[in-house]
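The listed protein sequences derive, respectively, from chains A and B. Anchor point for the first sequence: position 133 equals 315 in our numbering, and the numbering is continuous, going up by one each time. Anchor point for the second sequence: position 336 equals 343 in our numbering, and the numbering is continuous, going up by one each time. Take a look at the structure below.
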Amino acid sequence: MEIPYTVHARQDTGLYNAKLGIWLFLASEVMLFGALFSTYILLRVGAAPGTWPHGLLNVPIGTLNTIVLITSSITVVMAWASLKMNQFSRFKLFQAFTIMLAMTFVIIKSFEYHDKFTHYEVILNDGKVVDGHLVEKTQEHVVIHPAAKHGQHAAEVKIETSQIKKMENYGPWHNTYLAIYFTLTALHALHVIGGALVIAYLWGPGSQMWKTDPERFTNRIEVSGLFWHFVDLVWIFLFPVLYLL
Amino acid sequence: MQPVTTEAHAHTVHESHHEELGFWRKYVFSTDHKVIGIQYGITALCFLLFGFGLMMLMRWQMAYPGRPIPLFGPLLEKVLGAVASGGVMSSDLYNSFGAMHGTIMVFLGIVPLAFAAFGNFVVPLQIGAPDMAFPRINMASYQAYVVGGVIMVVSFFIPGGAAQAGWTSYSPLATIIKTQGQTFWIIGMVFLITSSLLGAVNFIATIIQLRAPGMTWMRLPFFVWAQFVTAFILLLAFPPLEAAAVMQLMDKLAGTSFFLPTGLMVSGQPLPISGGGSPLLWQHLFWFLGHPEVYVLILPAMGIVCEIIANNTPKPIWGYKSLVYSALGIGFLSFIVWAHHMYLTGMGTAISTFFQTTTMMISIPSVIILSALLISLWGGSIRFNTPMLFSLAFLPMFGIGGLTGLPLGFNFTDIHLHDTYYVIAHFHYVVAPGTIFALFAGIYFWYPKVTGRLMNEFWGKVHFWLSLLFMNLIFQPMFAQGMAGMLRRMADGGANYSLAKEPGALGALSDSMIHANTAISHAAWLLGLAQIPFILNFFISLKKGRKVPNDNPWESTTLEWQTPTPPPHGNFAKAPVVCRGPYEYSVPGHATDFTPQNEPVNAR
Numbered sequence: 183m184e185i186p187y188t189v190h191a192r193q194d195t196g197l198y199n200a201k202l203g204i205w206l207f208l209a210s211e212v213m214l215f216g217a218l219f220s221t222y223i224l225l226r227v228g229a230a231p232g233t234w235p236h237g238l239l240n241v242p243i244g245t246l247n248t249i250v251l252i253t254s255s256i257t258v259v260m261a262w263a264s265l266k267m268n269q270f271s272r273f274k275l276f277q278a279f280t281i282m283l284a285m286t287f288v289i290i291k292s293f294e295y296h297d298k299f300t301h302y303e304v305i306l307n308d309g310k311v312v313d314g315h316l317v318e319k320t321q322e323h324v325v326i327h328p329a330a331k332h333g334q335h336a337a338e339v340k341i342e343t344s345q346i347k348k349m350e351n352y353g354p355w356h357n358t359y360l361a362i363y364f365t366l367t368a369l370h371a372l373h374v375i376g377g378a379l380v381i382a383y384l385w386g387p388g389s390q391m392w393k394t395d396p397e398r399f400t401n402r403i404e405v406s407g408l409f410w411h412f413v414d415l416v417w418i419f420l421f422p423v424l425y426l427l
Numbered sequence: 008m009q010p011v012t013t014e015a016h017a018h019t020v021h022e023s024h025h026e027e028l029g030f031w032r033k034y035v036f037s038t039d040h041k042v043i044g045i046q047y048g049i050t051a052l053c054f055l056l057f058g059f060g061l062m063m064l065m066r067w068q069m070a071y072p073g074r075p076i077p078l079f080g081p082l083l084e085k086v087l088g089a090v091a092s093g094g095v096m097s098s099d100l101y102n103s104f105g106a107m108h109g110t111i112m113v114f115l116g117i118v119p120l121a122f123a124a125f126g127n128f129v130v131p132l133q134i135g136a137p138d139m140a141f142p143r144i145n146m147a148s149y150q151a152y153v154v155g156g157v158i159m160v161v162s163f164f165i166p167g168g169a170a171q172a173g174w175t176s177y178s179p180l181a182t183i184i185k186t187q188g189q190t191f192w193i194i195g196m197v198f199l200i201t202s203s204l205l206g207a208v209n210f211i212a213t214i215i216q217l218r219a220p221g222m223t224w225m226r227l228p229f230f231v232w233a234q235f236v237t238a239f240i241l242l243l244a245f246p247p248l249e250a251a252a253v254m255q256l257m258d259k260l261a262g263t264s265f266f267l268p269t270g271l272m273v274s275g276q277p278l279p280i281s282g283g284g285s286p287l288l289w290q291h292l293f294w295f296l297g298h299p300e301v302y303v304l305i306l307p308a309m310g311i312v313c314e315i316i317a318n319n320t321p322k323p324i325w326g327y328k329s330l331v332y333s334a335l336g337i338g339f340l341s342f343i344v345w346a347h348h349m350y351l352t353g354m355g356t357a358i359s360t361f362f363q364t365t366t367m368m369i370s371i372p373s374v375i376i377l378s379a380l381l382i383s384l385w386g387g388s389i390r391f392n393t394p395m396l397f398s399l400a401f402l403p404m405f406g407i408g409g410l411t412g413l414p415l416g417f418n419f420t421d422i423h424l425h426d427t428y429y430v431i432a433h434f435h436y437v438v439a440p441g442t443i444f445a446l447f448a449g450i451y452f453w454y455p456k457v458t459g460r461l462m463n464e465f466w467g468k469v470h471f472w473l474s475l476l477f478m479n480l481i482f483q484p485m486f487a488q489g490m491a492g493m494l495r496r497m498a499d500g501g502a503n504y505s506l507a508k509e510p511g512a513l514g515a516l517s518d519s520m521i522h523a524n525t526a527i528s529h530a531a532w533l534l535g536l537a538q539i540p541f542i543l544n545f546f547i548s549l550k551k552g553r554k555v556p557n558d559n560p561w562e563s564t565t566l567e568w569q570t571p572t573p574p575p576h577g578n579f580a581k582a583p584v585v586c587r588g589p590y591e592y593s594v595p596g597h598a599t600d601f602t603p604q605n606e607p608v609n610a611r
């Protein structure tokens with residue numbers, strides 16, 4: 183039994199099965215992320231005036247990550263085009279870049295996460311608030327390094343445990359902005375990791391297919407590339423929404 | 008999709024001889040759409056029985072609140088512990104069973120049966136395809152469904168029991184209930200959503216790509232159209248619920264406040280949360296799936312009924328094109344009616360007005376479909392076999408369900424009826440004697456193609472008449488109860504709000520309304536007994552049923568009857584070429600009453 187149109191396009195639709203399949207899958211992904219973006223809008227519009235946080239994230243780092251992902255979009259297309267031109271080694275090179283860029287993105291993102299999880303807001307018994315990164319924590323005291331403002335160096339603050347009323351880091355539980363930030367970016371990061379794993383498989387063991395069925399292998403690269411572009415596109419929306427607005 | 012390295016080799020092997028697959032590959036990890044369809048069908052029927060069983064136990068608590076359940080009470084106590092101490096169903100257990108009854112019936116019973124089981128078995132056959140476009144994804148879809156189902160069932164046995172916040176899982180209630188039943192529910196739902204996503208992609212790709220030569224869009228049987236629209240609804244409506252489920256999971260496990268408002272108090276204590284979330288957001292995201300889901304339940308049923316009516320009248324279906332366009336219209340409109348479930352949330356009158364308007368609009372295509380099916384009967388020489396009886400009963404039953412929905416769609420009448428037994432009666436008329444009857448019709452109709460044997464007609468008719476009687480005895484009184492003001496989800500069946508308890512209280516429930524509970528419960532248990540002929544018939548006919556005289560025992564025109572019985576792996580002995588429309592019945596001058604779709608035009 184042979185399923186038709188697994189490799190060659192059906193004439194009246196102009197598509198092979200997997201290409202239609204990935205587009206349908208991406209349509210559902212649009213709805214998934216669409217719901218989360220709608221959530222962002224509703225939470226932001228519903229927030230009490232002046233309470234929506236701004237400037238929590240590092241824009242230069244976000245910009246760097248945007249450039250990383252856009253570059254990977256270019257390499258993924260070049261890899262596919264190389265196969266179309268029958269240049270397998272060029273494909274290997276470009277797709278290696280894609281995988282490295284994906285890993286770079288995830289590493290940078292994990293630094294950003296780490297930065298948020300070590301960033302504390304400490305509310306003291308007298309109502310004062312100390313906001314900064316945790317330097318040291320013992321049974322008796324904590325040391326917080328407040329964020330520097332306009333190039334000035336801020337001194338570390340040592341606080342006795344007995345003075346602390348509440349101490350909470352900037353995790354998703356801190357406010358709804360961070361909740362949606364972590365949910366959206368974590369879901370996006372999972373997509374990056376998943377896409378990178380597929381691309382890595384097709385770069386490594388999966389590339390054997392080039393010898394037996396080059397056309398089908400090229401299709402696989404195209405389909406994985408379509409997914410990769412979608413992942414990039416989501417970030418293009420995430421970056422302004424979470425970092426800039 | 009063969010293993011990569013041996014692919015070229017495997018092709019030549021396949022062409023020379025068909026290797027016999029082992030038991031596991033053939034029946035458990037099968038990629039054959041027919042086997043997967045049967046797997047889905049059997050599993051979903053089991054879940055339907057299980058979900059119905061939960062409700063039969065709940066009906067005892069409603070009829071005789073606080074009394075131990077006979078037979079099953081001690082068993083429940085043994086298995087579930089304190090929540091059923093003394094064999095009495097506690098309110099917590101009642102809530103769990105209520106939430107899980109809805110969840111199981113909708114997500115584990117009807118959708119898998121109507122969409123995945125019938126769709127998997129019938130759609131590739133009806134379009135003349137050798138299999139689904141992505142057979143291995145098809146297998147993964149079934150496996151994800153089983154995992155989701157197992158998680159749901161396991162949640163009954165964890166400490167605190169299964170989810171208690173209703174099948175709608177409204178936050179903050181769903182979040183603040185201490186037990187982990189809700190966490191299991193969410194994770195189970197994520198698997199079920201994955202399953203239907205994989206299924207939907209597969210169905211759409213199959214219908215677009217794998218239609219046989221000559222099978223143009225307007226030659227597709229209506230059943231295929233119905234499944235096509237259903238697949239699109241599942242594809243696009245489920246992901247927002249997945250997003251909502253992820254956020255509720257975050258609320259539950261990571262301490263976020265997506266759906267928890269500022270200043271939320273539980274038992275007089277403020278919760279240690281950041282607040283700032285929106286309970287209304289959950290409802291929007293839930294009903295963005297929840298309402299299209301209704302059409303996921305009903306469209307495949309309409310498709311099945313259409314096939315059976317055309318086959319048994321036997322006449323071309325009246326208004327085929329208007330059926331198709333109505334189904335597409337329903338598919339589109341179903342995405343913009345969701346907030347009619349939320350008139351009483353205070354979301355604003357302007358929004359209510361918009362959704363009231365779209366809700367009235369969506370009733371138009373539904374009425375067109377029902378009318379076309381009704382008119383199709385006119386002048387027919389009708390064969391009253393079991394599938395046809397179920398299909399005929401579908402029309403008035405779905406009609407009652409649909410028409411009683413109109414007062415719920417108007418927001419001023421909904422104020423009175425919202426959250427009462429009227430709502431329960433309304434949607435059960437749509438889904439139970441509506442969709443489930445159509446599913447029974449489909450089982451009796453396609454059983455001979457699946458097994459090569461017919462089900463027993465006499466016991467089929469017994470099953471039909473008893474089911475019809477008891478379904479109506481159950482749900483008809485609920486309209487009256489609801490209009491009298493009896494609310495849903497009360498563990499004592501409303502006894503606490505009865506005149507007997509508080510004589511002279513304004514709006515309290517009269518004795519006759521309370522006593523109706525007892526009558527309804529007895530009807531429900533009898534409905535349970537009425538399924539025994541079906542269950543026995545289903546299994547005994549496997550071995551003892553009358554063998555089909557030929558591959559096309561119902562003298563049908565569509566392609567699934569032009570295959571060997573049961574269809575082998577790869578389906579068709581010879582690749583079919585389609586030459587005509589789906590319902591060429593009783594064509595004047597033709598030798599037979601039916602003209603199969605693949606019969607060449609000049610072959611008279």
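Ideal Cβ placement from N, Cα and C applies to all residues, glycine included. Small disclaimer: the values here were computed from a predicted structure and weren't measured.
Hey, how far is the Cα of residue i from the Cα of residue j?
i	j	result
valine 304 of chain A	proline 277 of chain B	20 Å
leucine 251 of chain A	leucine 304 of chain B	41 Å
histidine 21 of chain B	alanine 219 of chain B	Here histidine 21 of chain B scores only 43 on pLDDT, less than 50, and its place in the model should not be relied on; the value that follows carries that caveat. When rounded, the distance between both Cα atoms is 22 Å.
lysine 41 of chain B	alanine 432 of chain B	35 Å
glutamate 397 of chain A	isoleucine 204 of chain A	17 Å
phenylalanine 114 of chain B	asparagine 102 of chain B	18 Å
tyrosine 429 of chain B	glycine 449 of chain B	29 Å
valine 608 of chain B	valine 585 of chain B	10 Å
histidine 576 of chain B	valine 258 of chain A	38 Å
valine 129 of chain B	leucine 238 of chain A	55 Å
glutamate 27 of chain B	lysine 328 of chain B	44 Å
proline 556 of chain B	methionine 183 of chain A	28 Å
histidine 18 of chain B	proline 186 of chain A	With a pLDDT of 42 at histidine 18 of chain B, under the threshold of 50, the modelled position of that residue is not reliable, and no figure is offered here.
In chain B, what lies closer than 7 Å to residue i by C-beta?
i	result
asparagine 357 of chain A	Ser281 and Gly283
Taking only heavy atoms of the ligand NAD into account, decide whether any of them is closer than 7 Å to the Cβ of residue i.
i	result
tryptophan 417 of chain A	No copy of the ligand NAD appears in this structure; indeed no ligand is present at all.
Starting from the beta carbon of residue i, find every residue of chain B whose beta carbon is closer than 8 Å, and list them in chain order.
i	result
methionine 349 of chain A	Under the 8 Å cutoff, chain B gives no residues; its nearest Cβ is about 13 Å from methionine 349 of chain A.
Residues of chain A with CB under 8 Å from residue i, in chain order?
i	result
serine 203 of chain B	Within chain A, no residue comes near serine 203 of chain B; the closest Cβ sits about 10 Å away, beyond 8 Å.
proline 137 of chain B	Met183, Glu184, Ile185 and Pro186
methionine 225 of chain B	What methionine 225 of chain B touches in chain A: nothing, since even the nearest Cβ is about 14 Å away.
Looking at the secondary structure, which residues open and close the beta strand (DSSP E) in which residue i lies?
i	result
tyrosine 302 of chain A	301 to 306
lysine 319 of chain A	311 to 319
isoleucine 346 of chain A	346 to 351
isoleucine 341 of chain A	339 to 342
What are the boundary residues of the alpha helix (DSSP H) that includes residue i?
i	result
leucine 480 of chain B	464 to 490
histidine 348 of chain B	No alpha helix (DSSP H) holds histidine 348 of chain B; DSSP gives it neither H nor E.
lysine 393 of chain A	391 to 394
isoleucine 158 of chain B	142 to 161
isoleucine 43 of chain B	40 to 70
What are the partner residues of residue i, as DSSP defines its beta bridges?
i	result
arginine 460 of chain B	B/Lys554
leucine 402 of chain B	BP columns for leucine 402 of chain B are empty, so no partner.
glutamine 276 of chain B	B/Val273
serine 517 of chain B	For serine 517 of chain B, which the question treats as bridged, DSSP gives no partner whatsoever.
List the whole-angstrom C-beta distance separating residue i from residue j, where the pair is believed to meet the contact cut-off of C-beta under 8 Å.
i	j	result
leucine 267 of chain B	serine 176 of chain B	Actually they do not touch by this definition, with Cβ atoms about 14 Å apart.
alanine 217 of chain A	alanine 582 of chain B	Between alanine 582 of chain B and alanine 217 of chain A the Cβ distance is about 42 Å, and since that is not below 8 Å, they are no contact.
aspartate 426 of chain B	leucine 494 of chain B	6 Å
tyrosine 302 of chain A	leucine 316 of chain A	5 Å
alanine 491 of chain B	methionine 462 of chain B	With a Cβ gap of about 41 Å, alanine 491 of chain B and methionine 462 of chain B do not count as contacting.
phenylalanine 235 of chain B	methionine 146 of chain B	Not quite, the Cβ-Cβ distance comes to about 22 Å (not below 8 Å), so this is no contact.
valine 288 of chain A	valine 189 of chain A	Wrong, their Cβ atoms sit about 33 Å apart, outside the cutoff.
Using a Cβ cut-off of 9 Å, pull out every chain A residue sitting near residue i, in sequence order please.
i	result
histidine 40 of chain B	Correct list: empty, because the minimum Cβ distance to chain A is about 11 Å.
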